[in-house]
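One structure below.
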Amino acid sequence: MSELDLIQTLSHEEIQAIEIEIAHLPDRASAAIDALLIVQEHRGWVSDESLDAIARLLEMSPADLDSIATFYNLIYRKPVGRHVIMVCDSVSCYVMGCDKLCRQMEDKLGVKMGQTTPDDRFTLLPIVCLGACDRAPVMQIDEELIGPVAGDQLDQVLGRFE
Ligand code: FES
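What follows is the structure, given as structure tokens:
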């Protein structure tokens with residue numbers, strides 16, 4: 133990818149925001165997660181083309197950056213809906229019934245875990261411990277942590293996210 137391709141793939145704002153992160157770090161590759169999040173914030177997800185451009189900017193291989201993106205489950209490598217629902221399936225939430233909550237969410241939205249509703253309103257994803265085990269079962273919609281969640285609250289909760 134040439135410099136021109138890089139500039140055509142990432143916006144000036146994205147490149148500038150990534151360079152600001154790099155300036156605080158010992159090397160360019162250390163900004164990997166920040167850079168992925170910056171591009172995701174602008175585009176909703178990180179395509180292969182965007183990932184290649186970020187890797188070039190960070191002077192690392194696309195394969196190395198992709199493995200970081202895959203490991204970090206808040207980076208979306210496929211398009212997502214307007215709202216992302218993440219249901220915790222770690223131990224405390226499992227004990228408190230997250231399986232049932234997942235099934236209820238699937239029924240309510242008409243999609244399976246990992247899928248997006250046909251109207252692009254919601255993407256439903258599992259996630260590891262959200263660090264709010266005392267509120268289990270917990271889910272997060274966009275930036276909002278919600279829990280404990282009872283099945284009869286789902287309509288009211290989902291209704292807040294158009
Ligand atoms: S196990 Fe679900 S928030 Fe910790």
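Going by my numbering, the first residue of the sequence shown is number 133, and it counts up by one from there. Ideal Cβ placement from N, Cα and C applies to all residues, glycine included. None of these values were measured; they are calculated from a predicted model.
Contact annotation: Pro-194 and Cys-230 have beta-carbon atoms that are not nearer than 8 angstroms. By the 16-neighbour rule on beta-carbons within 10 angstroms, Ile-152 is exposed. Under the DSSP assignment, Glu-146 falls in the alpha helix (DSSP H) whose first and last residues are 144 to 155. Taking each of Met-192, Asp-284, Leu-197 in turn and checking the Cα distance to Leu-169, the smallest one comes out for Leu-197.
Taking 7 angstroms as the cut-off, the C-beta of Gly-176 does not count as close to any heavy atom of ligand 1. Restricting attention to Cys-261, Pro-250, Glu-173, the CA atom closest to the CA of Met-218 is found in Cys-261. Between Leu-290 and Gly-279, the alpha-carbon positions lie close to 13 angstroms from each other.
In this structure Arg-253 is in contact with Arg-214, their Cβ atoms being roughly 6 angstroms apart against a cut-off of 8 angstroms. One thing to note: Ile-147 has its Cβ no nearer than 8 angstroms to the Cβ of Ala-163. In this structure, the CA atom of Gln-247 is about 15 angstroms from the CA atom of Gln-236.
In this structure, the beta-carbon distance from Ile-165 to Asn-205 does not fall below 8 angstroms. Taking non-hydrogen atoms of ligand 1 into account, the C-beta of Val-223 is found less than 7 angstroms away from one of them. Shown here, Met-237 sits in a helix according to DSSP, grouped into three states.
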